[in-house]
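Encoded as structure tokens, the structure appears first; notes follow it.
In full-length UniProt numbering, the protein residues as written are 1 to 173.
See the structure below:
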């Protein structure tokens with residue numbers, strides 16, 4: 001059994017290293033430990049898509065996932081990637097974020113009032129699709145109160161107890 005730690009700021013280099021560690025132990029006995037306050041949008045979406053593509057639809061990626069802290073990008077990973085057992089630390093918060101990007105003036109069409117950088121728009125659409133799919137799989141998208149919180153503030157904070165009650169995690173530790 002291999003144990004892989006996903007911690008700190010999730011940038012491209014860290015997620016590539018983690019992905020290599022996971023693929024090195026991808027025999028359904030890989031445990032993913034998450035302790036992160038988030039990271040960069042592009043590599044996170046790439047990581048989730050590549051991990052799901054690597055195992056096939058409907059298969060579990062990990063034998064176990066242990067969540068100590070999961071905010072923003074880390075929360076997306078914890079929601080989107082399947083595991084046979086998902087555990088969460090008592091008192092922890094799952095902080096789902098709709099994502100954000102930094103725009104430069106050159107990314108904007110100031111005359112028409114739109115975003116001129118199509119790559120940025122495509123990335124935001126990919127992230128939104130990945131997040132929506134994860135919310136549907138976890139049956140969160142059908143709750144109007146939760147969706148109002150997420151789309152009203154760009155954040156959805158769920159306690160460990162709420163995650164257990166909703167079946168997002170299988171047990172608390």
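Every residue gets a Cβ at the ideal spot worked out from N, C-alpha and C, and that includes glycine. Treat the numbers as computed from the prediction; the structure is a model and nothing was measured.
query	result
Residue 9: buried (16+ other C-beta within 10 angstroms of its C-beta) or exposed?	exposed
Please state whether the Cβ-Cβ distance between residue 134 and residue 92 is less than 8 angstroms.	no
What is the DSSP secondary structure of residue 92, counted as helix, strand or coil?	coil
Looking at residue 96 and residue 75, is the spacing between their C-beta atoms short of 8 angstroms?	yes
Would you report the Cα separation of residue 141 and residue 39, rounded to the nearest angstrom?	23 angstroms
Grab me the residues of residue 73's own chain with a C-beta within less than 6 angstroms of its C-beta, minus the 5 sequence neighbours each way, in chain order.	10, 38, 39 and 44
Starting from residue 159, follow the beta strand (DSSP E) in both directions and report where the run begins and ends.	155-159
Classify residue 20 as buried or exposed, calling it buried when 16 or more other Cβ atoms lie within 10 Å of its own Cβ.	exposed
Rounded to the nearest angstrom, what separates residue 115 and residue 60 at their Cα positions?	37 angstroms
Just the Cα atoms here: how many angstroms apart are residue 129 and residue 173?	31 angstroms
Along the chain, which unbroken stretches of the beta strand (DSSP E) at least 3 residues long are found entirely within the region 22-82?	30-39 and 62-71
Out of 48, 90 and 46, state which residue places its alpha-carbon closest to the alpha-carbon of residue 158.	90
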